[in-house]
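In order, the protein sequences belong to chains G and Y.
Be aware that the first sequence starts at 223, since it is given in this note's numbering, and climbs by one per residue.
Be aware that the second sequence starts at 119, since it is given in this note's numbering, and climbs by one per residue.
We put the beta carbon where it would ideally sit given N, CA and C, even for glycine.
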Amino acid sequence: MRRVVVTGLGAVSPHGLTTSDFWNGLLDGKSSTGPLTQFNSESFPSRVAGGVPGYKVTDYVPKSYRKATKIMARDIELAVLAADGALRDAKIATRGILEASGGKKPDETWYVPDPARVGCNIGAGLICADLTELAAAIAEAKSPDGNLDMRRWGRSDDPSRTSGMENLTPLWLLKYLPNMLACHVSIIHDTQGPSNTITCGQASAGLALGEACRTIARGQADIALVGGCESIIHPVGLMRWALLNRLATKSNDSPAQACRPLDMQADGTVVAEGGGVLVIEELQSAKARGAEIYCEISGSGESSTAGEICQAQPTGEALSVAMEKALAKAAISPADIDVVIPSAYGVAAYDQADAAAINRVFKGHKPVVAAARGGLGDCGAGSQAIDLVAAALTVDSQAIFPTVNNQHPIAGLRVSHSRVDQADIRHVMVMSTSLAGQNSVVILRRFTGAD
Amino acid sequence: MQHRVVITGMGWVTPLGRTLEDVWRGLLAGESGVAPTTLFDARSFPTTFAAEVKNYSFPPELAAGGRHKSAARATLFALDAARQAWQQAGMNHGTQINPYDVGVYLGGGEGPLDFENFTRTALAAWDYDSRSLNMPEWGRRALANFQPLREIEQEPSMPIAHLSMEFNARGPAMNCLTACAASTQALGEAMEIIRQGDAKVMISGGAHSMIHPFGVTGFNRLTALSTFNDDPRRACRPFDATRGGFVIGEGAGILILESLEHALARNARVLAEIVGYGSSADAYRVTDQHPEGRGAVVAINAALRDAGLTPADIDYINAHGTGTKENDSTETLAIKKAFGDRARQVPISSIKSMMGHLIAAAGAVEAITCVLALRDQILPPTANYSAPDPECDLDYVPNAARRAAVNVAMSNSFGFGGQNDTIILRRFMVDQAESAN
C-alpha cells in the first residue's frame, strides 16, 4: 500500500494571505470577522463577514498568464493564491514557479516534478455571477412595462443599442464554472495528472483529499494539490444563507464575536471567504526528494445523512459512521485521537450534531475539540480545507489552538480554550458536514520519520 | 485486494425519451431529439433550438410524499433515471444491504437561477443614472422574493442529496462538476470507491439541464453552439466537414455499480463490467483543448493501462464528438496517437448527433449506450454525416447502426478547462464470474 503524506500547506483566510498569518491568528485566538464592507448590506439581517485582506492576483501568476486573471471569479483567485503558497512551502518548482523566478529553481533544494505525475483536486462551490455585470445586461433589455424583454435579450431591434447578452463578456460562462479553480491552477503549475472538482459544500475539501489519496494509492499520480476555496461574501450568497436562517443576526454591533462555534448561545454563522490547498505526496517519493513532512494521512471516511434537505441530523449518526470508517482505515481506536477539529459553524443544530457524533464515537475518551470557525466564519467549500491545514499544523507543531468565541460550551465536550504548546498529539481528526448532508472525515497522523 | 466492479442497473431520461429500450431504439434508428426551444423564449437568441426532454412529467411514485417538491429539473431527471436503474438492478426486491455500504457519485450540474425573480429584482434595483445596483433595494426585494429551498436547490450537490434520501443511500456521497467530462469522471471514481472497498454499491452517473436563458446565453457568448436554426435536426454534425458547434441537451443517466461479489451473492443480472478509468488535465488553456490532444491521449492510455488492455482489444469507441470544429479534429488526432494503426479499424460514433450534448450528464448516457452496444452487439451511428473532413478520417459509423462483435467499449469525455476522462466497459460472460476474487 502506498502511503501518503502532507508536504506543503497554503491557507488564504480572513487572518491573512499566508499560512503563517493563518496559524498565528489561530494560535493567538484572534477573530478576523468584522463589519461587512464589500457591498452595502444594510438591508440584510446579518452584516458581518470574514473577508480576506487585499491582494493583487497578478502577483501570484507568471507574466505569461496575467491576461487570464481577467476571467477569474474571486473563488478562483483564492485557489490560485493558496496553490502558490502550498507549492512554495513544499519547495516544488512547477512551471509557474520556475517562470516567476526567471526560469530557474529558487535554490538547489527545490524539486522539479514530472507534470504528468501531479494531480489537482480542488473543491469548489456554486460561484455567483457578478451581480452588477449581469444586472447591467438585464437592464439593457428592459421592456416598457418594466420586465426583461426576452426579444431584446438575444438580439437588439435598435441598431443604436446592444442586446442584453452582448453586455456580457464572451468568456462570461468560464468565470463561474466550478472546475475553473482546478483548471487555472493546473495551467499555471502545469499539473497534467488526474484533476477533479468536488462540489459538496463544506465537505468538499476532505472528499477531494480522500479521492486524491485513492488516486495516489493506485499509482496514477505521486503528488496532488488538494483542498477547496470559496467566497460567500456576495449579495447572492448572503441572501441565500439569510433565507436559510443560518446567519448570526444578533452581533452586528460586535462582529468579532458573531460566530460562536459549539456554544450553547450560538445564533448562526458568518459569511466568509478563503480556503486552502495542501500538497500531498506518496511517502517514498517525498522522502527521495528530501521533502519536509508535516504528517501522514492515515485514513478518511465518508457518509451521507440521507435526510431532509438542509436539516442537521440531531443524532449525529451518519457523521459518526464516517468517523468510524476513517478510524478503521487508519487502523486505530478512538482513544488514539488526541484532537478533533469539527466543522462547527456556529449554527446551533449543526454544532449539536457535531457534538452528538463526537460523543457517539469517543464515549468515555475525551479528545480536545478545537474549532476554527469562531474567528473566521464559514467559507463553504473552503472551510474544511482551512481545517485540514490547521490539523496538519496542529500535529506537526504539537500545538493546540483555542476555540474563539466559545463561552458556553455544549455539555460533554472538552473544548480548547487556550493555546497549548508541547502537547503530545498522535492523531488529529477533521470532520465536516455539508448543508446538503455529505460527511467527510480525515485523520492525520504525526510523522516521526522513524517509520 | 481490488474488487471487480460490474453494472447491474441502468436508467435514463433523455431528449429521445425516458425508457431504456425506447431511447436505444431511437438511437439505433438515427432519430433526433433536437427541436425548437420551448422551455423559454429563445427566438432572439443566436441559437433557437435545443435537445429538450419533451413533455416531461415526474413519476407519481417519486412525487408522492412531497420530498422532492423543491427539486430542480435536473434533480427530477436524476431521481427518475435512478429509480429505473434501481429497479432493473433488483435492489427493491428485499435486498438486505447496510445503507452505509451504498454510496452516490454523480457528475451533476448546478440548478438554474430563479430567472423570473432574478431579473425582476435586478431591474427593480437598477439605477440607470449611476449604472449600478441599489444594493439596499436589491437586498430588501431579494429577501422578500426569493424562496429559500428554490435557492438551495441550485447547489450542484442537490441531486446526490435527493438520491441519498430517496434510496436511503448513506455511504460516500460525492458530486463532481468537471464540465462536460463530469459524469464519466463520476463513474470512474465511483468504480475506484468500490474497488478499494469503501462501498459495495454506488449509484452513479450524471444529471444536468442548462436549457435556460442564462445557460444558453453563456454558451452562445462563447460561440460554442450550433446556430443552424433552419434545420435543428441536422444541426449537430460530429466529424462532418460542415460541423459548426454543439447542440445543448438535458437529461440524466444513472448506473448501479456494484462489486462483483456483491452482485453474484444476490444473484443479480450483470449487464457489463467496468474495467478501466483514466483521467488527466490538459494544463493548456481555459478556452481551448491542447492542439495535439495531449491530455486526451494521457487519459485514453491511462484507462487502457488500468484495464490491462491494449488498443487491439477495443472494439468500439463512443466519442465525445460534440460537433465543434475543435473537439472532433482534436479527438480524432488523440485516438490516432493512442491507437496507432488500430485507429483506422475501430468504429467510432457520437450519439450527440441525435441526443445533443447533455453537458455534465453526457458521459453517463454514453456509458449506458456502450453497455447496450455490448449487450446487443450493435453500434449506434453518428447521424447527420455527409461531408468528409480530411482532419476527421476515421470510421465514424456514419448514419446507420451497424452489427459488430463488441466485447470491449471505450467512452471518452472532455470538458472545458482541459478535463479529460476515459472509461472502458467489457461484456460480461457468466464464466468470467469464476475468476471473481
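According to the neighbour-count rule (16 or more other Cβ atoms, all chains shown, within 10 Å of its Cβ), is residue i buried or exposed?
| i | result |
| --- | --- |
| His237/G | buried |
| Ser520/G | buried |
| Asn286/Y | exposed |
| Lys397/G | buried |
| Thr255/G | buried |
| Thr137/Y | exposed |
| Met276/Y | buried |
| Ser382/G | exposed |
| Glu264/G | exposed |
| Ala554/Y | With a pLDDT of 49 at Ala554/Y, under the threshold of 50, the modelled position of that residue is not reliable, and the figure given next carries that caveat. Result: exposed. |
| Glu269/Y | buried |
| Gln214/Y | exposed |
| Lys472/G | exposed |
| Ala243/Y | buried |
| Lys252/G | buried |
| Ser175/Y | exposed |
| Tyr514/Y | buried |
| Met651/G | buried |
From residue i to residue j, what distance separates their C-alpha atoms?
| i | j | result |
| --- | --- | --- |
| Asn262/G | Leu666/G | 41 Å |
| Asn293/Y | Pro366/G | 43 Å |
| Thr302/Y | Arg339/G | 21 Å |
| Met545/G | Gly586/G | 16 Å |
| Arg317/G | Glu330/G | 16 Å |
| Arg544/Y | Asn235/Y | 48 Å |
| Trp130/Y | Gly394/Y | 22 Å |
| Arg288/Y | Asn338/Y | 39 Å |
| Ser241/G | Ala612/G | With the sequence shown as reference, residue 241/G is identified as Thr, and Ser is not the correct amino acid for it. Those two C-alpha atoms are separated by around 9 Å. |
| Thr440/Y | Gly362/Y | 10 Å |
| Gly496/G | Arg412/Y | 33 Å |
| Val123/Y | Phe584/G | 34 Å |
| Leu490/Y | Ser235/G | 49 Å |
| Leu157/Y | Ile329/Y | 7 Å |
| Ile515/G | Phe546/Y | 45 Å |
| Ala404/G | Ala301/G | 8 Å |
| Ile632/G | Val626/G | 14 Å |
| Ala470/G | Val270/G | 8 Å |
| Asp609/G | Ser565/G | 8 Å |
| Val141/Y | Thr132/Y | 8 Å |
Name, in chain order, the residues that DSSP records as bridge partners for residue i.
| i | result |
| --- | --- |
| Gly232/G | Val499/G |
| Asp539/Y | Ser397/Y, Ser531/Y |
| Pro713/G | Nothing in the structure corresponds to residue 713/G, since chain G is present only between 223 and 673. |
| Pro178/Y | Paired residues: none, contrary to the question. |
| Leu370/G | Lys364/G |
| Ile466/Y | Ile435/Y |
| Gly225/Y | Gly324/Y |
| His411/G | Answer is none; His411/G lacks a bridge partner. |
| Asn517/Y | The partner list for Asn517/Y (beta bridge, DSSP) is empty, contrary to what the question assumes. |
| Gly148/Y | Bridge partners of Gly148/Y: none, in fact. |
So is the beta-carbon of residue i under 7 Å away from any non-hydrogen atom of the ligand ZN?
| i | result |
| --- | --- |
| Ile319/G | Questions concerning the ligand ZN fall outside what the structure shown contains, since it holds no ligand whatsoever. |
Enumerate, from N- to C-terminal direction, the unbroken alpha helix (DSSP H) stretches of 4 or more residues contained entirely within the segment 317-380 of chain Y. 331-339
What runs of the alpha helix (DSSP H), each 4 residues or longer, lie entirely inside the segment 473-499 of chain Y? 480-494
Can you list the beta strand (DSSP E) stretches of 3 or more residues lying completely in the segment 390-441 of chain Y, in chain order? 390-399, 434-436
Do three or more CB pairs link the segment 489-504 of chain Y to the segment 455-470 of chain Y at distances below 8 Å? yes
If we count Cβ pairs, one from each stretch, closer than 8 Å, do we get three or more for the segment 511-530 of chain G versus the segment 218-227 of chain Y? yes
Determine contact between the segment 409-428 of chain G and the segment 644-663 of chain G, defined as no fewer than three beta-carbon pairs at a distance below 8 Å. yes
Across the segment 410-419 of chain G and the segment 454-467 of chain G, are there enough close Cβ pairs to call them in contact, namely three or more that are closer than 8 Å? no
Output the residue ranges of the alpha helix (DSSP H) runs that lie fully inside the segment 499-555 of chain G and measure 4 residues or longer, sorted by chain position. 505-510, 539-552
Suppose only complete runs of 3+ residues qualify. What are the beta strand (DSSP E) ranges in the segment 420-480 of chain G, listed by chain order? 445-453
I'd like to know if the segment 498-505 of chain G and the segment 291-307 of chain Y are in contact, where contact means that at least 3 CB-CB pairs between them fall below 8 Å. no
Validate contact between the segment 254-271 of chain Y and the segment 345-356 of chain Y using beta carbons, cut 8 Å, 3 pairs: no
Would you call the segment 427-446 of chain G in contact with the segment 371-388 of chain G, where contact means no fewer than 3 C-beta pairs closer than 8 Å? no
Considering only residues of the segment 235-272 of chain Y, which uninterrupted beta strand (DSSP E) runs meet the minimum length of 3 residues and lie entirely inside it, listed in chain order? none
Does the segment 305-320 of chain Y come close enough to the segment 175-190 of chain Y that 3 or more CB-CB pairs lie under 8 Å? no
Taking contact to mean 3 or more Cβ pairs, one atom from each stretch, closer than 8 Å, check whether the segment 625-645 of chain G and the segment 529-536 of chain G are in contact. no
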